[in-house]
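A short worksheet on the structure shown next.
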(Lines of atoms letter the chains of each structure in order from A; the text may use other names.)
(Lines give C-alpha, C1' and ligand atoms only; values in the text may rest on other atoms or scores of the structure.)
Protein backbone atom coordinates (compact mmCIF):
# COMPACT_ATOMS: atom_id res chain seq x y z
CA UNK A 192 0.00 0.00 0.00
CA UNK A 193 1.36 3.44 -0.91
CA UNK A 194 1.18 6.48 1.34
CA UNK A 195 0.53 9.91 -0.14
CA UNK A 196 0.41 13.51 0.91
CA UNK A 197 -1.41 16.09 -1.16
CA UNK A 198 0.33 19.35 -2.02
CA UNK A 199 -0.75 22.36 -4.05
CA UNK A 200 1.32 24.24 -6.58
CA UNK A 201 0.32 27.62 -8.04
CA UNK A 202 1.66 28.19 -11.53
CA UNK A 203 1.56 31.47 -13.46
CA UNK A 204 1.55 31.10 -17.21
CA UNK A 205 0.77 33.29 -20.20
CA UNK A 206 -1.24 30.79 -22.21
CA UNK A 207 -2.78 27.36 -22.07
CA UNK A 208 0.11 26.24 -24.30
CA UNK A 209 2.59 27.35 -21.59
CA UNK A 210 0.57 25.34 -19.09
CA UNK A 211 0.60 22.21 -21.25
CA UNK A 212 4.37 22.51 -21.72
CA UNK A 213 4.87 22.93 -17.98
CA UNK A 214 2.71 19.91 -17.14
CA UNK A 215 4.56 17.82 -19.71
CA UNK A 216 7.92 18.68 -18.10
CA UNK A 217 7.15 18.05 -14.43
CA UNK A 218 7.98 14.59 -13.22
CA UNK A 219 5.32 14.28 -10.53
CA UNK A 220 1.90 12.75 -10.93
CA UNK A 221 -0.80 15.35 -10.48
CA UNK A 222 -4.38 14.73 -9.52
CA UNK A 223 -6.14 17.63 -11.15
CA UNK A 224 -5.66 21.22 -12.09
CA UNK A 225 -7.86 24.30 -12.26
CA UNK A 226 -7.26 26.91 -14.95
CA UNK A 227 -8.17 30.53 -14.06
CA UNK A 228 -7.66 33.53 -16.31
CA UNK A 229 -7.66 37.19 -15.24
CA UNK A 230 -7.06 38.57 -18.78
CA UNK A 231 -3.36 39.35 -18.21
CA UNK A 232 -2.03 36.21 -16.58
CA UNK A 233 -3.38 32.73 -16.30
CA UNK A 234 -3.13 30.91 -12.99
CA UNK A 235 -3.22 27.21 -12.47
CA UNK A 236 -3.61 25.38 -9.21
CA UNK A 237 -2.12 21.91 -9.49
CA UNK A 238 -2.81 19.36 -6.79
CA UNK A 239 -0.23 16.64 -6.74
CA UNK A 240 0.70 13.79 -4.49
CA UNK A 241 4.08 12.94 -3.07
CA UNK A 242 4.59 9.27 -2.43
CA UNK A 243 6.30 8.83 0.96
CA UNK A 244 7.74 5.58 2.28
CA UNK A 245 6.81 4.25 5.72
CA UNK A 246 10.15 5.48 7.06
CA UNK A 247 9.56 8.97 5.67
CA UNK A 248 6.09 8.99 7.23
CA UNK A 249 7.67 8.07 10.56
CA UNK A 250 10.07 11.01 10.18
CA UNK A 251 7.16 13.33 9.34
CA UNK A 252 5.33 12.09 12.44
CA UNK A 253 8.40 12.83 14.59
CA UNK A 254 8.86 16.32 13.12
CA UNK A 255 5.14 17.02 13.53
CA UNK A 256 5.36 16.12 17.21
CA UNK A 257 8.49 18.19 17.70
CA UNK A 258 6.90 21.19 15.95
CA UNK A 259 3.87 20.97 18.24
CA UNK A 260 6.10 20.59 21.30
CA UNK A 261 8.34 23.50 20.31
CA UNK A 262 5.38 25.84 19.80
CA UNK A 263 3.78 24.68 23.05
CA UNK A 264 7.03 25.41 24.90
CA UNK A 265 7.34 28.81 23.18
CA UNK A 266 3.82 29.68 24.36
CA UNK A 267 4.71 28.35 27.83
CA UNK A 268 1.74 25.97 27.83
CA UNK A 269 1.77 22.72 29.73
CA UNK A 270 0.44 19.64 27.98
CA UNK A 271 -2.62 19.99 30.22
CA UNK A 272 -3.13 23.63 29.13
CA UNK A 273 -2.90 22.70 25.46
CA UNK A 274 -5.20 19.73 25.94
CA UNK A 275 -7.84 21.97 27.50
CA UNK A 276 -7.68 24.78 24.94
CA UNK A 277 -7.63 22.35 21.99
CA UNK A 278 -10.49 20.32 23.51
CA UNK A 279 -8.40 17.15 23.57
CA UNK A 280 -6.45 15.89 26.58
CA UNK A 281 -2.93 16.08 27.91
CA UNK A 282 -2.25 12.37 27.32
CA UNK A 283 -3.03 12.78 23.62
CA UNK A 284 -0.82 15.89 23.42
CA UNK A 285 2.06 13.89 24.92
CA UNK A 286 1.54 11.08 22.42
CA UNK A 287 1.57 13.55 19.52
CA UNK A 288 4.76 15.17 20.79
CA UNK A 289 6.52 11.84 21.29
CA UNK A 290 5.25 10.48 17.94
CA UNK A 291 3.92 7.41 19.74
CA UNK A 292 0.83 7.07 17.56
CA UNK A 293 -0.51 8.31 14.27
CA UNK A 294 -3.18 10.78 15.34
CA UNK A 295 -6.20 11.73 13.24
CA UNK A 296 -5.93 14.87 11.12
CA UNK A 297 -8.88 16.44 12.92
CA UNK A 298 -7.03 16.39 16.26
CA UNK A 299 -3.84 17.69 14.66
CA UNK A 300 -5.85 20.49 13.06
CA UNK A 301 -7.40 21.51 16.41
CA UNK A 302 -4.00 21.55 18.09
CA UNK A 303 -2.25 23.36 15.22
CA UNK A 304 -4.95 26.05 15.15
CA UNK A 305 -4.52 26.75 18.87
CA UNK A 306 -0.74 27.01 18.40
CA UNK A 307 -0.93 29.06 15.17
CA UNK A 308 0.92 26.40 13.17
CA UNK A 309 0.27 26.10 9.44
CA UNK A 310 -1.50 22.72 9.26
CA UNK A 311 -0.19 21.65 5.86
CA UNK A 312 3.42 22.50 6.78
CA UNK A 313 3.30 19.71 9.36
CA UNK A 314 3.06 17.07 6.64
CA UNK A 315 6.16 17.98 4.65
CA UNK A 316 9.30 15.87 4.97
CA UNK A 317 11.98 17.99 6.61
CA UNK A 318 15.71 17.52 6.18
CA UNK A 319 17.69 15.63 8.79
CA UNK A 320 19.27 18.90 9.90
CA UNK A 321 15.86 20.55 10.34
CA UNK A 322 14.56 17.69 12.50
CA UNK A 323 17.72 17.65 14.62
CA UNK A 324 17.42 21.43 15.02
CA UNK A 325 13.82 20.99 16.24
CA UNK A 326 15.14 18.58 18.88
CA UNK A 327 17.80 21.08 20.00
CA UNK A 328 15.27 23.93 20.09
CA UNK A 329 12.89 21.88 22.25
CA UNK A 330 15.74 20.88 24.53
CA UNK A 331 16.75 24.54 24.96
CA UNK A 332 13.21 25.55 25.97
CA UNK A 333 12.64 22.73 28.46
CA UNK A 334 12.21 24.30 31.90
CA UNK A 335 12.07 21.02 33.84
CA UNK A 336 14.85 19.06 32.17
CA UNK A 337 15.21 15.78 34.04
CA UNK A 338 17.63 12.94 33.32
CA UNK A 339 14.68 11.05 31.84
CA UNK A 340 13.88 13.90 29.42
CA UNK A 341 17.56 14.28 28.51
CA UNK A 342 17.68 10.53 27.76
CA UNK A 343 14.51 10.84 25.65
CA UNK A 344 16.05 13.60 23.52
CA UNK A 345 19.32 11.68 23.13
CA UNK A 346 17.43 8.55 22.09
CA UNK A 347 15.30 10.61 19.68
CA UNK A 348 18.42 12.04 18.01
CA UNK A 349 19.69 8.51 17.49
CA UNK A 350 16.33 7.40 16.11
CA UNK A 351 16.23 10.32 13.66
CA UNK A 352 19.79 9.62 12.50
CA UNK A 353 18.96 5.93 12.02
CA UNK A 354 15.79 6.72 10.04
CA UNK A 355 17.59 9.12 7.72
CA UNK A 356 20.39 6.58 7.25
CA UNK A 357 17.75 4.12 6.01
CA UNK A 358 16.44 6.50 3.35
CA UNK A 359 19.79 8.00 2.34
CA UNK A 360 22.07 5.65 0.43
CA UNK A 361 25.62 5.56 1.82
CA UNK A 362 28.14 7.63 -0.12
CA UNK A 363 31.11 5.80 -1.56
CA UNK A 364 34.47 7.07 -0.38
CA UNK A 365 36.26 5.40 -3.28
CA UNK A 366 37.63 7.56 -6.05
CA UNK A 367 38.47 6.35 -9.51
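In the working numbering, the protein residues as written are 192 to 367. C-beta: ideal position from N, C-alpha, C; glycine also. Quick caveat: nothing in here was measured; it's all calculated off a predicted structure.
For residue 308 against residue 258, the beta-carbon gap comes to about 6 Å, under 8 Å, which counts as contact.
Under the three-state reduction of DSSP, residue 279 is assigned to coil, being neither helix nor strand. If you draw a straight line from the Cα of residue 263 to the Cα of residue 216, it is about 42 Å long. Within the model, the alpha-carbon separation for residue 246 versus residue 333 is close to 28 Å.
Out of 241, 298 and 269, the CA that lies nearest to the CA of residue 335 is found in 269. Going by beta carbons, residue 352 and residue 290 fall outside the 7 Å limit. Following the DSSP letters along the chain, one finds residue 325 inside the alpha helix (DSSP H) bounded by residues 319–332. DSSP, reduced to helix, strand and coil, places residue 258 within a helical segment of the structure shown. Taking a C-beta distance under 7 Å as the contact criterion, residue 328 and residue 261 qualify as a contact pair. Secondary structure at residue 242: strand, using DSSP grouped into helix, strand and coil.
Shown here, residue 349 sits in a helix according to DSSP, grouped into three states. The continuous alpha helix (DSSP H) containing residue 303 extends over residues 296–305.
Residue environment for residue 340: exposed (fewer than 16 other C-beta atoms within 10 angstroms of its C-beta). Taking all protein chains shown into account, residue 266 has fewer than 16 neighbouring C-beta atoms within 10 Å of its C-beta and is therefore exposed. Within the same chain, 246 come within 8 Å of residue 357 by CB-CB distance, once the 5 residues on both sides are set aside.
For the options 278, 284 and 255, the alpha carbon positioned closest to that of residue 310 is the one of 255.
Looking only at 284, 349 and 248, the smallest Cα-Cα distance to residue 317 is reached by 248.
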